[in-house]
Amino acid sequence: MMLQAAVVSVLLCSVHSFVIPASFDNTDESSGNSIDDDEFSVSTIIEKANRNIGKNVNDPLVMFGDIAVPTGLQNADPCTSRGCLWPKATDGNVYVPFRISPDYSRRERNIITQALRSFANPTCIRFTPQDQQRDFVDIKSLTGCFSFVGRRGRNQTVSLMRRGCVFTGTIQHEMLHALGFDHEQTRSDRDEHVRILLENVEPGTEGNFRRIRTNNLNTPYDYNSVMHYSRFAFSRNGRPTIIPIPDENAVIGRASVMSPIDIQRVNILYRCNDTALTTGPVPVQKDFLL
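Mature numbering (1 follows the signal peptide of the UniProt record, and there is no 0) puts the sequence shown at residues -17 to -1, 1 to 273.
1) Could you tell me whether the stretch 102 to 112 touches the stretch 137 to 150, using the rule of 3 or more Cβ pairs below 8 Å?
2) Could you tell me which residues DSSP puts in a beta bridge with residue 143?
3) Can you check which of these residues, 217, 167, 163, is closest to residue 189 by C-alpha distance?
4) Considering just the uninterrupted stretch of the alpha helix (DSSP H) at residue 27, what are its terminal residues?
5) For residue 218, write down the residues that DSSP places opposite it in a beta bridge.
6) Please report the distance separating the alpha-carbon of residue 241 from that of residue 182.
7) Looking only at its chain, what residues have a beta carbon closer than 8 Å to the beta carbon of residue 99, apart from the 5 residues adjacent to it on each side?
8) Secondary structure at residue 256, three-state DSSP: helix, strand or coil?
9) Mind checking which residues open and close the beta strand (DSSP E) that includes residue 179?
10) Would you please state the rounded distance, in angstroms, between the beta carbons of residue 177 and residue 219? I believe it to be under 8 Å.
11) Where do the ends of the beta strand (DSSP E) carrying residue 111 lie?
12) How many Å lie between residue 25 and residue 75 at the Cα?
13) Report the rounded CA-to-CA distance for residue 236 versus residue 72, giving the unit in angstroms.
14) Quick check on this structure: which residue in 116, 122, 105 has the alpha carbon closest to the alpha carbon of residue 94?
15) Which same chain residues end up closer than 6 Å to residue 14 when comparing Cβ atoms and leaving out the 5 residues on each side of it in sequence?
16) Based on the DSSP secondary-structure assignment, which residues constitute the bridge partners of residue 203?
17) From 77, 156, 179, pick the residue whose C-alpha is nearest to that of residue 106; which is it?
18) Please classify residue 179: is it buried, with 16 or more other beta-carbons within 10 angstroms of its beta-carbon, or exposed?
19) Using 8 Å for Cβ pairs, my map puts residue 124 next to residue 172. What's the rounded Cβ distance?
20) If I follow the unbroken alpha helix (DSSP H) through residue 95, where does it start and stop?
21) Measuring only the C-alpha atoms, how far is residue 208 from residue 28?
22) Any idea what DSSP makes of residue 174, helix, strand or coil?
23) How big is the Cα-Cα spacing for residue 199 and residue 131?
24) For a quick check, are the C-beta atoms of residue 205 and residue 167 less than 8 Å apart?
25) Using only the alpha-carbon positions, how far apart do residue 128 and residue 230 sit?
26) Given this structure, state the Cα-to-Cα distance separating residue 253 from residue 147, to the nearest angstrom.
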């Protein structure tokens, strides 16, 4: 049975974007909501790193900013055609095998492994080095930062470009995609919480602001989610592309690590608080974990 996340697509993406005419300067003295304030947010880091995605013939199709899409599924999330969760072991944990490319330096590998470890204490997700498992996350330094959504099967690429993507929050963001989550501002009820100003969006990137039919797991909309775009994401003129409502001065999209609600959703989606299963994969040996 297919389970979906707060921002996991369950059917074909349905476009419900709209244009709200408004006039904004690129700074707001009363709130500090300026482009400079967003400089080091996960959203901004990914947007900058992904400027050249698609120029390499070996790059996959990437939509919605940093979501890789298999050939033939350009208009649908991979989760729409099959179950996309990683399996739960009999001990109640979810073991996600991974492999890290040797192209990374020791320092970069340490940053990546520490970011993977950050899931262990607050959730039942356990990233573990791949050892003959058929399905695993294959972490490579390709063009930009991107991931497929959910468990795709066999070796599925998560790109963390060495120059631009190897930061804790960015790694968490891409791994949340791999666990089955999409961007916060694409969730089905987003129009109750933000306005999308398409007149300020860079031409050709409007698709990044599509609204998707989602199961939100009865969790609130989270401006502080590491999966939320910044106020100036894909802006063509230095003016906001996303504003919160009803409080236009609320801070959005500035997360540098997972929020408490991000963590809560992982626990709900993967039923981390449930008792151990009687059937399922055999738990991974403790000395094999990160």
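Just so you know, even glycine gets a beta-carbon here, dropped at the ideal spot from N, CA and C.
Quick look at the numbers:
1) no
2) 128
3) 217
4) 25 to 32
5) 184
6) 30 Å
7) 81, 110, 154, 158, 273
8) coil
9) 177 to 179
10) With 8 Å as the limit, residue 177 and residue 219 do not qualify as a contact, their Cβ atoms being about 18 Å apart.
11) 108 to 112
12) 30 Å
13) 34 Å
14) 122
15) Confidence in residue 14 is poor, its pLDDT being 47 and thus under 50, which makes the residue's placement unreliable; the coordinate value appears in the next sentence. Counting only Cβ-Cβ distances below 6 Å, and skipping sequence neighbours, we find 232.
16) None, per the DSSP bridge assignment.
17) 77
18) buried
19) Rounded, the Cβ-Cβ distance is 36 Å, inconsistent with contact.
20) 89 to 100
21) 15 Å
22) helix
23) 19 Å
24) yes
25) 31 Å
26) 30 Å
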